[in-house]
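Q:
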Amino acid sequence: MKKISTGNKAVAEAVKQLVPAVVAAYPITPQTEIVEQIAEFVSSGELKSRYIAVESEHSAMAACIGASITGVRTFTATSSHGLLYMHEMTNWAAGARLPIVMANVNRSLGPGWNIWAEHTDALQERDTGWLQVYVSTVQEAYDATIMAFRIAEHNDVLLPVMVNLDGFLLSHIMQPLDTVDVGDFVPPIHLPHAIDVKNPRGYGGLTGPDQQFRFSWDIERSIRDSVKVIEKTQNDFAKRFGRKYGFTEDYQCGDADVVIVAMGTLGKEAEVAIDLLRKEGIKAGSMRLRWLRPFPKLDLKGKQVVVIDRDYSFGRGGILATEIVAQTKEDVFSVIAGLGGQEVTYEDLADFVRKRRMGEEFWFGVNANV
Amino acid sequence: MDTIPEIPKEEYILKCTSACAGCSDSLALRYVLKAAGPDTVLVVPACCTSVIQGIYPNTAFNVPVYNIAFASAAACASGMSNAFRAAGKKTNVIAYAGDGGTLDIGIQAMSGAFERGTDFLYICYDNEAYGNTGMQRSGGTPLGARTTTTPTGKTDNKKDIDAIIAAHDPPYQATACAAYPQDLFKKVAKALTFRGPTFIHILAPCPPGWRYSTEKSVEMGKLAVKSGMWVLYEREYGKLTIGAQSKAAIKKPIPLEDYLAPQGRFKGIDPKTVEILKQRIAKNLAKLTAEEAAS
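The listed protein sequences derive, respectively, from chains Z and L. Just so you know, we're using the working numbering here: the first sequence kicks off at 28 and counts up by one. Just so you know, we're using the working numbering here: the second sequence kicks off at 7 and counts up by one.
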């Protein structure tokens, strides 16, 4: 069914169709519309979930953990400081192998109180064992949320999945949305280690140095296995619903000499920049990174890479640039742009490509000229 | 009318726990689980009970135990209870936390869970310090008690968590102590008959923390009640009933010094502090007696 929707409402729409038994969430700008919409669905009876209006994000994730371990589907949503506040519990969720799905509306971190888009919030969760996908359109927010449940709950994965959408730039903009009948695309959840009072077990108790590393390795093994599950899920989604997604979304990359790599809405904006550059005779392409964890093998051989980071690791560099250099062992032109919602147009992106200086870092708006 | 309950023979705490000798938390939990029965899940934040279970892959508890981060027992239990109830299951969800996880770091999540009317039992076993990490002060440490972070004695009063819980107006709340196992058993069994949040606060004398010899845990619990330092009562839909043992103590208390003297944590406590403790006991007993008379 075709409609017009915001990114937030698209996420809520997908959640409605997947019917989590428990949704526990705490409101935060710019995520609020997701939880308001879900609360509305629950109160009108359209969604048969239990909505727990917890008193904090820490408790939101703890409540999802408590619900999930009984073997039911769970969902939450947050943003920025909310995500940071639940950080202790995001680690717990992954370590406990619970397939919780969470939408995170990417927003910068205080101080100051800035409610606009930035990826540093989610990237500070990079090493927790969560799978992370970044979306760029309202339709993709909806589709990725549906797929997130199937991937998280797959018995070769059993890890939580975070769907990231840019604050305001995607959470609050209106675009066409084609909703689908999910049907049996996401099978019923079966958690093999669910609590069973007839077979009492201890969960997460004291664990010695002779055992703890086994659990860490088990998470890593499942993240590696998740690559195939993600591929199959995305392929099945394309066959069934006609929309194709990969680990990256590549645009004019084939013959490109220079490629922009970015995540989220800037990754989509880059396609417009590529059209502009191609008209000027510059053989440019763009590669929008969708999955940050598991980090995919990127086909960038022989190309100059301009990485756009809407994030930063102080004392080190753009996080995406650092990840890419670690994999390709090649210099990139690292652009730090869009922090705290700083406006970045396709013309700016084209300019970064035109004036690239490989091996260097450039802070948009700080350094006078590219 | 007081009756003697039939306490089931089934044991849910198996042999070979890693509890300290004389641990009254283990004794309390033994009766809690006997009252709750096998259709029960314990949610345990960081506390002595995290350790007592034993080390992976073994567990000494014969009910499912979900261990969770320090601040989040009530929130985790809240999600679990909702999931069970949504599935039509009546499984008892018991958050079982120490005084640190209840009075201090976990108070926000607990307050939230009570305010939301979560269908669960929250038990705080209170050994009046952070026992698991080697006896640092908590909000539950009484005035004058020495801990590793109050080496000359605590200069602040014990936080009145029961009054805080009462402010949430739960259908049932009680205090207990493993020195009175039948009273504890009955209160747990009763708490689990209510829908909504219920609370039991158990005083848990701790030999290494309070510095008394290990065979005296039951005696210490009785001295606490007899001196009025700990009061046994229950509050059902707002109606307060003080237990017979505490009523006797109100009529004719033993000297507070009899309770303090066997404990190394009160060694060298100055007489002025003892006087303040006595005044606080008297004030608390008067308050509870007046409330009982009015309700």
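Positions of the beta carbon are idealized from the N, C-alpha and C atoms, including for glycine.
Name the chain Z residues whose beta carbon is nearer than 9 Å to that of Q114 of chain L?
A: Neighbours of Q114 of chain L on chain Z, chain order: E82, S83, H85, S86.
Q: Please list the partners that P177 of chain L has in chain Z, where partner means a Cβ-to-Cβ separation under 9 Å.
A: In chain order: nothing, as chain Z lies at least about 19 Å away.
Q: Smallest Cα separation from C130 of chain L: which of L:I170, L:G104, L:I111?
A: Nearest option by C-alpha distance: L:G104.
Q: Can you tell me the Cα-Cα spacing of E17 of chain L and F264 of chain Z, whole angstroms?
A: Going from the Cα of E17 of chain L to the Cα of F264 of chain Z covers about 51 Å.
Q: In the DSSP assignment, the beta strand (DSSP E) including R124 of chain Z goes from what residue to what residue?
A: Neither: R124 of chain Z is in no beta strand (DSSP E) and is coded neither H nor E.
Q: Below 6 Å CB to CB, which residues in the same chain sit around T56 of chain Z once its five sequence neighbours on both sides are set aside?
A: Counting only Cβ-Cβ distances below 6 Å, and skipping sequence neighbours, we find I142.
Q: Please list the residues of the stretch 86-119 of chain Z that have a C-beta atom closer than 9 Å to any C-beta atom in chain L, keeping them in chain order.
A: Under the 9 Å Cβ criterion, the stretch 86-119 of chain Z contributes S86, A87, M88, A89, A90, C91, I92, G93, A94, S95, I96, T97, G98, V99, T101, E115, M116, N118, W119.
Q: May I ask you to report which of helix, strand or coil DSSP gives W157 of chain Z?
A: Three-state DSSP puts W157 of chain Z in coil, outside helix and strand.
Q: Can you give the Cα-Cα distance for A267 of chain L and A80 of chain L, rounded to whole angstroms?
A: The alpha-carbon atoms of A267 of chain L and A80 of chain L are separated by roughly 36 Å.
Q: For M116 of chain Z, which of helix, strand or coil comes out of DSSP?
A: M116 of chain Z: helix per DSSP, three-state reduction.
Q: K255 of chain Z bridges to which residues according to DSSP?
A: None, per the DSSP bridge assignment.
Q: With distance defined between alpha-carbon atoms, name the residue in L:A101, L:K164, L:K273, L:I275 nearest to L39 of chain L.
A: Closest option to L39 of chain L, Cα to Cα, is L:A101.
Q: List the residues of chain L whose Cβ lies closer than 8 Å to the Cβ of R77 of chain Z, in chain order.
A: Going along chain L in sequence order, the residues near R77 of chain Z (Cβ under 8 Å) are N88, A89, R91, A92.
Q: Taking beta-carbon pairs under 7 Å, can you tell me which members of the stretch 228-249 of chain Z lie near chain L?
A: Within the stretch 228-249 of chain Z, the residues whose Cβ lies closer than 7 Å to some Cβ of chain L are R228, G229, Y230, G231, G232, L233, T234, G235, Q238, listed in chain order.
Q: Is I127 of chain Z close to chain L, meaning its C-beta is less than 7 Å from at least one C-beta of that chain?
A: Closer than 7 Å: no.
Q: Please state the DSSP three-state secondary structure of N262 of chain Z.
A: Helix at N262 of chain Z.
Q: Would you please verify whether the beta carbon of I398 of chain Z is less than 7 Å from any beta carbon of chain L?
A: Given a span of 28 to 397 for chain Z in the structure shown, any question on residue 398 of chain Z remains unanswerable.
Q: Please report the distance separating the alpha-carbon of E12 of chain L from that of E67 of chain Z.
A: Rounded to the nearest angstrom, the two C-alpha atoms are 48 Å apart.
Q: Where L366 of chain Z and K295 of chain Z are concerned, what is the direct C-alpha to C-alpha distance, given to the nearest angstrom?
A: Whole-angstrom Cα-Cα distance: 17 Å.
Q: Using a 10 Å radius around the Cβ and a threshold of 16 neighbouring Cβ atoms, would you call V393 of chain Z buried or exposed?
A: Its Cβ having fewer than 16 others within 10 Å, V393 of chain Z is exposed.
Q: If the cut is a Cβ gap below 9 Å, which residues of chain Z does N73 of chain L touch?
A: What N73 of chain L touches in chain Z: G229, Y230, G231, G232, L233.
Q: Helix or strand or just coil, what does DSSP make of K245 of chain L?
A: Correct three-state label for K245 of chain L: strand.
Q: Could you check whether V224 of chain L and A41 of chain L sit closer than 7 Å to each other, using their CB atoms as the reference points?
A: No; because the gap between Cβ atoms is not below 7 Å, this pair is not in contact.
Q: For V286 of chain Z, which residues of its own chain have a beta-carbon under 8 Å away from its beta-carbon, when the five flanking residues on both sides are left out?
A: Closer than 8 Å at Cβ, skipping near neighbours: C280, A311, G312, S313, M314, L327, K330, Q331, V332, V333.
Q: With burial defined as no fewer than 16 other Cβ atoms inside 10 Å of the residue's Cβ, what is the status of W244 of chain Z: buried or exposed?
A: So W244 of chain Z counts as exposed.
Q: Just checking: is the beta-carbon of A221 of chain Z within a distance shorter than 7 Å of some beta-carbon in chain L?
A: False, the Cβ-Cβ gap to chain L never drops below 7 Å.
Q: Looking at the C-beta of A149 of chain Z, does it have a partner C-beta in chain L at a distance below 7 Å?
A: No - not a single Cβ of chain L is within 7 Å of the one on A149 of chain Z.
Q: Any idea if G249 of chain L is buried or exposed, counting beta-carbon neighbours within 10 angstroms, 16 or more meaning buried?
A: So G249 of chain L counts as buried.
Q: For G85 of chain L versus C91 of chain Z, is the C-beta distance shorter than 7 Å?
A: Yes.
Q: Buried or exposed for M385 of chain Z, going by 16 or more other Cβ atoms inside 10 Å?
A: Its Cβ having fewer than 16 others within 10 Å, M385 of chain Z is exposed.
Q: If you follow the alpha helix (DSSP H) that V280 of chain L is in, where does it begin and where does it stop?
A: 277-300 is the extent of the alpha helix (DSSP H) around V280 of chain L.
Q: Report the residue from L:R152, L:K245, L:T199, L:A210 whose alpha carbon sits nearest the alpha carbon of E43 of chain L.
A: The sequence given here has Gly at residue 43 of chain L, not Glu. Comparing Cα-Cα distances from G43 of chain L to each of L:R152, L:K245, L:T199, L:A210, the minimum goes to L:T199.
Q: From what residue to what residue does the alpha helix (DSSP H) around T147 of chain Z run?
A: That run of the alpha helix (DSSP H) goes 147-150.
Q: From the DSSP output, in three-state form, read off P55 of chain L for me.
A: The question names Pro, but residue 55 of chain L in the sequence shown is Thr. Helix, per DSSP.
Q: Excluding five sequence neighbours on each side, which residues of the same chain lie with their C-beta closer than 6 Å to the C-beta of E84 of chain Z?
A: Correct list, in chain order: Y53, T105, G109, Y112, M113.
Q: Just to confirm the assignment, what range does the alpha helix (DSSP H) spanning F379 of chain Z have?
A: Where F379 of chain Z is concerned, the enclosing alpha helix (DSSP H) stretches over 373-381.
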